[in-house]
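Here's the structure we're looking at; comments come further down.
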Amino acid sequence: MGSRDRISAIVLLTLSVMVCIGALGYGLGTFSTPGTGFFPFLLGILIGFLSILMLAHAKRGEEVKESAKSPWPGIEGRKKVLAIVAALGGYGFLLEKLGYSLTTFLLFVLLLKGIQPQKWYLAMGVALLASLGSYALFQVGLQVELPRGFLGM
Amino acid sequence: MEMLHHILFGFQVAMTPANLLYCFFGVLLGTLIGVLPGLGPVATISILMPITLSISPVSAIIMLSGIYYGAQYGGSTTSILINVPGEATSVVTCIDGYKMALQGRAGPALGISAIGSFIGGMVSLLGVMLLAAPLANFALRFGPPEYFSLIFLSLTIVSGLGTGSTLKALLMAGLGMLTGAIGMDMSTGIPRFTFGIRTLYDGVGLVPAIMGLFGIGEILTNIEEKLELDIFKTKIKRILPSREDWVRSRGPIGRGTLIGFFLGVIPGGGALISTFASYAVEKKISRHPEQFGQGAIEGVAGPETANNAGAQSSFIPMLALGIPPNVVLAVLISALIIHGIQPGPLLLAKHPDLFWGVITSMFVGNAMLLILNLPLVGLWVQLLRVPYTYLFPAILLFCLVGVYSITNNYVEILLMVFFGVVGYLMRKFDFEPAPFVMGLVLSSMMENAFRQSLTLSEGSMTIFFTRPISALLMAVGLGVLVCYVVLGVRKRERGAG
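Here the protein sequences line up with chains A and B, keeping their order.
Position 130 (the first sequence) corresponds to 129 in numbering that gives the first Met the number 0; numbering is contiguous.
Position 163 (the second sequence) corresponds to 162 in numbering that gives the first Met the number 0; numbering is contiguous.
Structure follows, in structure tokens:
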């Protein structure tokens, strides 16, 4: 599919233009005292040049690579991917508010029920075991400082 | 006899009870995560990195290195028993290793992998011992222009060694360098491309980027389909290879050692390439090439030897130049930095205990691994019976805690998730994350070298071509680029005709 390459080339080309504009804003300096924007500007030019080359390849309908190693998933797969991304993002936002054990418990319940549904008692049990066990391992055993939240752990 | 003196000194460091224990812990953990598909040395080293802050840097690096080469031993186990590579460097082992297991010869396949890995690792370490110190001393003469040219050369080679398109790899290297430029500009104090996010002032951390791109990205790709591992249900009888196996494996182990050693030094995951190279060579020179793919022990012995030889020799550029030849060693370098040790050619002079202690500890570690692996194979197999449904949340949790624990900042988690999505999209659009990470790692080093060079030359770009060492490195780098173009054009012509 040349079209996938075309999409990524256009995205990268747009990015490179934005980087160059941003770099100009930081100031290029002179050759003997390169400024803050000098190196990013050069990188922007490089990425722009390479993505134009890639666009040219894709235009000719050539495969830069023979076939997709991992094609797009079906609707079911997409849901799973989105669910995990959302769960991980949520974990990041909630971790310091709810504390480690509770957030980890919620994450496990979500992942065990949401991705490949397990029975409730199994999901809850494993989640409880995982959050307490990992707390013991990380906080008590390895002395990692984990956020405590209102449960105190 | 100066070398002997250094080696003895190294053993004095490595053989203290504490360091022996850390070494043992490292290789044991390395084997464990090597066996588990999806949890690799990068994530493990990242998680343990902050924890090692409480122990001495020498012990820390000894343990973290053990995780890396231990994983090379463990990776083959899953390849042979369930046809799923535990590590990327064991992909080739699946071909003949799994066939051997199906024929009831899982024992000798596992045995010869461990023995081959041991021989390859030990011989390669001798090379590390002989070469690392002279190279470090030589590199003391390097100024900013030499470093710039060396990094340029590294990045061009990295881009060509991937399995996909060179053009895309170069793009990824560029994008990685750009990501590395995010954060406060060291010489002016101006924040670049931080979008007002405070955490980004210190730059994009290597750990969230790597764990996102590799750890999370991999899981997102795996989760689309139901992944249940089919475990090979058989008793493993006699691990020791037969006399015939020995005779057939001698050559592949010898050649695998050489291939692994030389390719491991080259930037861009040389250990991985060496497994493919070794397999190809053995098949080519074999008198029975038709047996390859049908359970030929040569196809297990060669690549498994090569990957461990490569893992060891990749320490040469890391210890001597401060330039990581692959992603795992990049993380190891950031571990050095966290411990307040500046990687580079001065490492040898300033921290000889670390330099020689780490190298000699790897002799000890390899011996431990040989003893660990043969009798414990059965135990590792049991581990694989944990279903993926329960395994992947655990791997995700390790990544989350690992990222968080480095700075105790939740923004790092969000950053990792972001890179996870990027890594997922890269796989979908056929880009490889490895050159990206190499670009990210080398970016600030390259920019500093570039700016200092230009200041030195008062703005003249010719400085990279007038100093002999720099000129040579540049010439080779440009030559590599020309090769890519020529090969690309030739491929296209063949495609058209």
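Ideal placement from N, C-alpha and C gives every residue a C-beta, glycine not left out.
query: Are any of the Cβ atoms in chain B nearer than 9 Å to that of A:Met123?
result: Walking along the first sequence from the start, residue 123 of chain A turns up at place 124. No, A:Met123 lies away from the interface with chain B (no Cβ there is under 9 Å from its Cβ).
Which residue from B:Gln102, B:Thr76, B:Asp184, B:Leu139 puts its Cα closest to that of B:Ser112? What you label residue 112 of chain B is simply residue 113 of the second sequence in a count that begins at 1. Of B:Gln102, B:Thr76, B:Asp184, B:Leu139, the residue nearest in Cα terms is B:Thr76.
- Message: Suppose contacts are defined by Cβ-Cβ distances below 9 Å. Is B:Phe260 in contact with B:Ala308 by that definition?
- Response: For the purposes of this step, residue 260 of chain B is identified with residue 261 of the second sequence, where counting begins at 1. For the purposes of this step, residue 308 of chain B is identified with residue 309 of the second sequence, where counting begins at 1. Cβ atoms of B:Phe260 and B:Ala308: closer than 9 Å.
Notebook entry, point to check: Would you report the Cα separation of A:His56 and B:Ala138, rounded to the nearest angstrom?
Noted result: Locating residue 56 of chain A in the first sequence gives position 57, where the first residue counts as 1. Locating residue 138 of chain B in the second sequence gives position 139, where the first residue counts as 1. Cα to Cα, the separation comes out at about 40 Å.
Check: DSSP state of A:Val63, grouped into three classes?
Finding: Here the question's residue 63 of chain A lines up with position 64 in the first sequence. Below a pLDDT of 50, predicted positions are generally treated as unreliable, and A:Val63, at 45, falls in that range; no measurement from the model is reported.
Note to self: So, at 7 Å on beta carbons, what are the nonlocal neighbours of B:Gly29 in its own chain, with the 5 sequence-adjacent residues on each side left out?
What the structure shows: Taking the first residue of the second sequence as 1, we reach residue 29 of chain B at position 30. These residues qualify, in order along the chain: Pro40, Gly65, Ile66, Tyr67, Tyr68, Gly69, Ala70, Gly73.
Fill in: chain B within 9 Å of A:Met152, Cβ atoms only
Sequence index remark: in the first sequence, residue 152 of chain A carries index 153 (1-based). No, A:Met152 lies away from the interface with chain B (no Cβ there is under 9 Å from its Cβ).
Between the Cα of B:Ser442 and the Cα atoms of B:Met128, B:Leu27, B:Ala100, B:Leu177, which residue gives the shortest distance?
-> Taking the second sequence and counting its residues from 1, one reaches residue 442 of chain B at position 443. Of the listed residues, the one whose Cα sits closest to B:Ser442 is B:Leu177.
- Task: Round the Cβ separation of B:Thr155 and B:Gly476 to the nearest angstrom and send it over; I've been treating them as touching at under 8 Å.
- Result: As a first step, residue 155 of chain B must be located in the second sequence, where it is residue number 156. As a first step, residue 476 of chain B must be located in the second sequence, where it is residue number 477. Between B:Gly476 and B:Thr155 the Cβ distance is about 5 Å, and since that is below 8 Å, they are a contact.
- Task: With DSSP collapsed to three states, give me the class of B:Met183.
- Result: Along the second sequence, read from residue 1 onward, the residue named residue 183 of chain B stands at position 184. Note: B:Met183 maps to strand in three-state DSSP.
*Identity of the residue in B:Gly85, B:Val26, B:Leu345 nearest B:Gly321 by Cα*: Start at 1 with the first residue of the second sequence, and residue 321 of chain B comes out as number 322. Out of B:Gly85, B:Val26, B:Leu345, B:Leu345 has the C-alpha closest to the C-alpha of B:Gly321.
### Query
For B:Pro190, which residues of its own chain have a beta-carbon under 6 Å away from its beta-carbon, when the five flanking residues on both sides are left out?
Locating residue 190 of chain B in the second sequence gives position 191, where the first residue counts as 1. Around B:Pro190: Met183, Tyr200.
Item to check | A:Val16 and A:Gly43 closer than 9 Å at C-beta | outcome: Taking the first residue of the first sequence as 1, we reach residue 16 of chain A at position 17. Taking the first residue of the first sequence as 1, we reach residue 43 of chain A at position 44. Yes, the pair counts as a contact, with Cβ atoms nearer than the cut-off.
Please confirm if A:Arg77 has its CB atom under 9 Å from at least one CB of chain B. Locating residue 77 of chain A in the first sequence gives position 78, counting from the first residue. Output row for A:Arg77: interface = yes.
| query | Got a sec? Which residues, its chain only, sit under 6 Å from B:Ser360 by beta carbon, not counting five neighbours each side? | reply | Indexing the second sequence from 1 puts residue 360 of chain B at position 361. Ala13, Cys22, Ile61.
Cβ separation of A:Phe37 and B:Pro392, assumed to be a contact under 8 Å, to the nearest whole Å: As a working note, residue 37 of chain A is residue 38 in the first sequence. As a working note, residue 392 of chain B is residue 393 in the second sequence. Actually they do not touch by this definition, with Cβ atoms about 45 Å apart.
- Residues near B:Leu262 in its chain [Cβ-Cβ closer than 6 Å; skip 5 each side]: Here residue 262 of chain B refers to the residue found at position 263 when the second sequence is read from its first residue. Same-chain partners within the cutoff: Gly269, Ile272, Ser273, Gly309.
**OP:** Could you tell me which residues DSSP pairs with B:Gly25 in its beta bridges?
**Re:** As a first step, residue 25 of chain B must be located in the second sequence, where it is residue number 26. None; B:Gly25 has no bridge partner.
### Message
On a Cα-Cα basis, can you pick out the residue from B:Leu368, B:Met367, B:Ala334 that is closest to B:Leu353?
### Response
Residue mapping note: residue 353 of chain B aligns to position 354 of the second sequence, counting from 1. Looking at the Cα atoms, B:Ala334 is the closest of the given residues.
*Within 10 angstroms of its Cβ, does B:Asn372 collect 16 or more other Cβ (buried), or is it exposed?*
Residue mapping note: residue 372 of chain B aligns to position 373 of the second sequence, counting from 1. So B:Asn372 ends up on the buried side.
Counterpart residues of B:Pro190 in DSSP-defined beta bridges
As a first step, residue 190 of chain B must be located in the second sequence, where it is residue number 191. DSSP lists B:Met183 as partners of B:Pro190.
Residues within the segment 435-468 of chain B neighbouring chain A, beta-carbon criterion of under 7 Å
Glu446, Phe449, Arg450, Leu453, Thr454, Glu457, Gly458
For A:Glu65, count the other beta carbons within 10 Å of its own beta carbon; 16 or more makes it buried, fewer makes it exposed. Which is it? Stepping through the first sequence from its first residue, residue 65 of chain A is reached at position 66. Its pLDDT being 44, under 50, A:Glu65 is placed unreliably in this model, and the coordinates cannot settle the point.
| said: So B:Arg191 contacts chain A; which residues on that side make the cut at Cβ distance below 7 Å? | reply: As a position in the second sequence, residue 191 of chain B is number 192, starting the count at 1. In chain order: Tyr25, Thr35, Pro39.
Could you check which residue in B:Arg247, B:Tyr389, B:Val436 has the C-alpha nearest to that of B:Val203? One-based indexing of the second sequence puts residue 203 of chain B at position 204. Considering only alpha carbons, the answer is B:Val436.
Does the segment 93-112 of chain A come close enough to the segment 138-150 of chain A that 3 or more CB-CB pairs lie under 8 Å? yes
Note to self: Can you tell me whether A:Gly140 is helix, strand or coil according to DSSP?
What the structure shows: Translated into positions along the first sequence, residue 140 of chain A becomes position 141. Helix at A:Gly140.
- Query: Does the beta carbon of A:Leu145 come closer than 9 Å to any beta carbon on chain B?
  - Reply: Within the first sequence, the letter at position 146 stands for residue 145 of chain A. Yes, because at least one Cβ of chain B sits closer than 9 Å to the Cβ of A:Leu145.
Review point. Would B:Ser148 pass as a contact of B:Met473 if the rule is Cβ separation under 9 Å?
Key: The residue labelled residue 148 of chain B in the question sits at position 149 within the second sequence. The residue labelled residue 473 of chain B in the question sits at position 474 within the second sequence. Their beta carbons are under 9 Å apart, which means B:Ser148 touches B:Met473 by this criterion.
Any alpha helix (DSSP H) of 4 or more consecutive residues that is wholly inside the segment 398-471 of chain B: 409-427, 432-455, 462-465
Problem - Within 7 Å of chain D by C-beta, residues of the segment 150-167 of chain B in sequence order - result: The chain labelled as chain D is not found among the protein chains of the depicted structure, namely A and B.
What does DSSP give as the partner residues of A:Gly28 in its beta bridges? For the purposes of this step, residue 28 of chain A is taken as the residue at position 29 of the first sequence. A:Pro33, per the DSSP bridge assignment.
_Under 8 Å by beta carbon: chain B residues contacting A:Leu45_ = The residue given as residue 45 of chain A occupies position 46 in the first sequence. Here the neighbours are Gly173.
Chain-ordered neighbours of A:Ala129 on chain B, where CB pairs are closer than 8 Å:
Along the first sequence, read from residue 1 onward, the residue named residue 129 of chain A stands at position 130. Near A:Ala129 (Cβ distances below 8 Å), the residues of chain B are Pro392, Ala393, Leu396.
Verify whether the separation of the beta carbon atoms of A:Tyr90 and B:Ile218 is less than 9 Å. For this step, residue 90 of chain A is matched to residue 91 along the first sequence. For this step, residue 218 of chain B is matched to residue 219 along the second sequence. Result no, Cβ atoms of A:Tyr90 and B:Ile218 do not sit closer than 9 Å.
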